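Engineer: Have a look at the structure that comes next, please.
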Ligand code: GLC
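In this note's numbering, the protein residues as written are 124 to 663.
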């Protein structure tokens, strides 16, 4: 029998460590906090964790600005805590991937501190520089091009007085981009990868992979009408350069040289799924998985969902493997994006998303708190942390709202930290109703819906690896598809509308799970009326 790699059948759960569980009572989540909640994750039924950065960092971008790749920020714990975390995760039969942020470092990273000190410093060329003064005429030069610093809405070329140069920083001014064309820098980054693989990390989520290499001629980007997230530029020169694929192949070779079971998941920061898919190379030589970001932007429409899913499957290389996610730390939570006032409808919509995520062909990635339907918090300007939130205010583009503390219980501070402590971001005021403890005690809750779906995936091979075909591509608000495996056949019917809808069942079926029907119930062939927002999984 063909062995299937674990990352194709696993369900991943993303943890934003600042917000998961605070064990030190300073209002910020930490590694021991995560360890204390591993059994919770096991009881839910997830298989693997992606943990956002907890490395040494001045926190200008809350950990996505790293000043030491091989040490832990004291806010989160110690190196010992992290080795214990890996051990405890593996002890429970789970896997774990870390965040690999190697497009840029922090400006506090010793590499950059050295690099910026003098043009003759051996590390100078580890970053990307342009002279501010014309060396022949002695006159000031214009900025090299129109590339944007995304989080500050400024030009991305930043002053460095010591060398009379600009360095490139396309996020904040504190995140200088490294020069991937320099072989020593490349080797230093590969050492970082080895460091963590040697500590038995099961792989990486790779931050903004498609930004690694920039146009050699530093040409300006042309205009685009797309605002979010492209900010009026077609990023043809500062992203997606062909040489990036060489780096992906090298990193793949490096991880494969371990034991072939480590995984690379790329954040390809684009909405064009074809570009995202291209980072899987021929399906076996670049990244194992690439995120499809479009899923984080689309609106509530069965047709749009069907179109996006179909396009994603079509874009992937023959032996490539899909993955799906509806929420992460950069985009508003889907409970808010797809939110409605009516509480029953809200629950049913979240059940639809959960069923979709966990029954499509591809590796599902959940975001902490989605299992209880956590919503975005409207963080007031005075309490904002996210640099992009402050820049774009009052436009609601900040990311604090989706990063608020996990709602564990109805205790003060939602059980995230002790009462009396001020959490680093405000907790949603719905926490007394929406929390893990309460939902675990209620068999009709969203938490139990996720748990059941996760269990069903484990016992139904067709959902993990079976073929996929559409039954209904969103016409009349119904999205339906079939998963056919070696041993079983499952169909999924999702009614995206708040009205009843009719579908036709070609044969008799049995309910596996439904939000309006009893499990095991038999449904005869013929007309089937779906309730408003019904999510139904049936077995043939
Ligand atoms: C990625 C991360 C985001 C971060 C940015 C810069 O998009 O997901 O959180 O701010 O890269 O590292």
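C-beta atoms are modelled at their ideal positions from N, C-alpha and C, and glycine is treated no differently.
The structure presented is a predicted model; accordingly, all values stated were derived computationally and were not measured.
Which first and last residues belong to the alpha helix (DSSP H) in which residue 446 is found?
Structural biologist: Not the alpha helix (DSSP H): residue 446 falls in the beta strand (DSSP E), residues 446-448.
Engineer: In angstroms, rounded to a whole number, what distance separates the CA positions of residue 402 and residue 446?
Structural biologist: Each residue's Cα considered, the two are about 13 Å apart.
Engineer: Using only Cβ atoms and a threshold of 6 Å, which residues come within that distance of a heavy atom of the ligand GLC? Order them by chain position.
Structural biologist: So the residues near the ligand GLC by this Cβ test are 184, 187, 224, 294, 330, 331, 390, 392, 452 and 453.
Engineer: Taking the straight line between their C-alpha atoms, what separation do you get for residue 150 and residue 138?
Structural biologist: Going from the Cα of residue 150 to the Cα of residue 138 covers about 16 Å.
Engineer: Is it buried or exposed, residue 410, if we count other Cβ atoms within 10 angstroms and call 16 or more buried?
Structural biologist: With 16 or more other Cβ atoms within 10 Å, it is buried.
Engineer: Which residues in the same chain have their Cβ closer than 7 Å to the Cβ of residue 622, if we skip the five residues on either side of it in sequence?
Structural biologist: Cβ within range, chain order: 655.
Engineer: For residue 246, I'd like the list of residues in its chain whose CB is within less than 7 Å of its CB, leaving aside the five on either flank, ordered along the chain.
Structural biologist: Hits under 7 Å: 234, 237 and 238.
Engineer: At 4 residues or longer, what runs of the alpha helix (DSSP H) sit wholly inside the region 542-584?
Structural biologist: Taking only runs of at least 4 residues, the alpha helix (DSSP H) segments lying wholly in the region 542-584 are 559-563 and 569-582.
Engineer: In chain order, what residues of the same chain lie with their CB nearer than 7 Å to the CB of residue 546, ignoring the 5 residues before and after it?
Structural biologist: Answer for residue 546: 150, 528, 536, 539 and 540, listed in chain order.
Engineer: I need the straight-line Cα distance from residue 663 to residue 561, nearest angstrom please.
Structural biologist: Whole-angstrom Cα-Cα distance: 35 Å.
Engineer: For residue 479, does the count of other Cβ atoms within 10 angstroms reach 16, so buried, or fall short, so exposed?
Structural biologist: Counting Cβ neighbours within 10 Å, residue 479 comes out buried, since at least 16 surround it.
Engineer: Under three-state DSSP, which class holds residue 280?
Structural biologist: The answer is strand: DSSP assigns residue 280 an E or B state.
Engineer: If you draw a straight line from the alpha carbon of residue 272 to that of residue 456, how long is it in whole angstroms?
Structural biologist: Near 25 Å, if we compare the C-alpha coordinates of residue 456 and residue 272.
Engineer: Which same chain residues, not among the five before or five after residue 298, have their C-beta less than 8 Å away from its C-beta?
Structural biologist: Within the same chain, residue 298 has close Cβ partners 183, 184, 187, 188, 227, 228, 229, 230 and 292.
Engineer: How should residue 452 be labelled, buried or exposed, when 16 other C-beta atoms within 10 angstroms of its C-beta is the threshold for buried?
Structural biologist: Label assigned to residue 452: buried.
Engineer: Going by CA-CA distance only, name the one from 500, 344 and 173 that's closest to residue 557.
Structural biologist: Nearest of 500, 344 and 173 to residue 557, Cα basis: 500.
Engineer: Between the Cα of residue 518 and the Cα atoms of 351, 173, 650 and 473, which residue gives the shortest distance?
Structural biologist: Looking at the Cα atoms, 351 is the closest of the given residues.
Engineer: Would you kindly work out how many angstroms separate the C-alpha atoms of residue 588 and residue 131, rounded to a whole number?
Structural biologist: Cα-Cα distance, rounded: 8 Å.
Engineer: Exposed or buried, what is residue 195 when buried is set at 16 or more other beta-carbons lying within 10 Å of its beta-carbon?
Structural biologist: It counts as buried.
Engineer: Which same chain residues end up closer than 8 Å to residue 521 when comparing Cβ atoms and leaving out the 5 residues on each side of it in sequence?
Structural biologist: Excluding positions up to five away in sequence, the list reads 502, 507, 509, 511, 512, 513 and 515.
Engineer: Mapping DSSP to helix, strand and coil, what is residue 133?
Structural biologist: The answer is coil: DSSP assigns residue 133 none of H, G, I, E or B.
Engineer: Considering only their Cβ atoms, is the gap separating residue 343 from residue 268 smaller than 8 Å?
Structural biologist: Cβ distance < 8 Å, so residue 268 and residue 343 count as in contact.
Engineer: With a threshold of 16 other CB atoms inside 10 Å of the CB of residue 615, please say whether the residue is buried or exposed.
Structural biologist: With 16 or more other Cβ atoms within 10 Å, it is buried.
Engineer: For residue 660, collect the residues of the same chain with a Cβ closer than 6 Å to its Cβ; drop the 5 residues on either side in sequence, then sort them by chain order.
Structural biologist: Hits under 6 Å: 615, 635 and 636.
Engineer: Would you be able to state if there are at least three C-beta pairs under 8 Å between the region 147-165 and the region 273-290?
Structural biologist: Flag = no, the region 273-290 and the region 147-165 do not touch.
Engineer: From residue 254 to residue 264, what distance separates their C-alpha atoms?
Structural biologist: In a straight line, the C-alpha of residue 254 is about 8 Å away from that of residue 264.
Engineer: Which stretch, first to last residue, makes up the alpha helix (DSSP H) that contains residue 426?
Structural biologist: Run containing residue 426: 425-438, per the alpha helix (DSSP H) assignment.
Engineer: Quick one: what does DSSP say residue 288 is sitting in, helix, strand or coil?
Structural biologist: Residue state, collapsed to three classes: strand.
Engineer: The alpha helix (DSSP H) with residue 618 in it runs from where to where?
Structural biologist: Where residue 618 is concerned, there is no enclosing alpha helix (DSSP H), although the beta strand (DSSP E) it sits in stretches over 612-618.
Engineer: Entirely within the region 357-403 and at least 3 residues each: give me those beta strand (DSSP E) ranges in chain order.
Structural biologist: Listed in chain order, the complete beta strand (DSSP E) runs (minimum 3 residues) inside the region 357-403 are 386-389.
Engineer: State the Cα-Cα distance for the pair residue 324 and residue 221, rounded to the nearest angstrom.
Structural biologist: Each residue's Cα considered, the two are about 7 Å apart.
Engineer: Pick out whichever of 154, 374 and 459 has its Cα sitting closest to the Cα of residue 317.
Structural biologist: Here the closest residue by C-alpha is 374.
Engineer: Measuring alpha carbon to alpha carbon, tell me which residue in 383, 205, 638 and 620 is nearest residue 463.
Structural biologist: When only C-alpha atoms are compared, the closest one is 620.
Engineer: Buried or exposed: which applies to residue 504, given that a residue is buried once 16 or more other Cβ atoms fall within 10 Å of its Cβ?
Structural biologist: When all chains shown are included, residue 504 counts as exposed.
Engineer: Quick one, which of 348, 392 and 333 has its alpha-carbon nearest residue 366's?
Structural biologist: Of 348, 392 and 333, the residue nearest in Cα terms is 333.
Engineer: Starting from residue 596 and walking both ways along the beta strand (DSSP E), at which residues does that stretch end?
Structural biologist: That run of the beta strand (DSSP E) goes 590-596.
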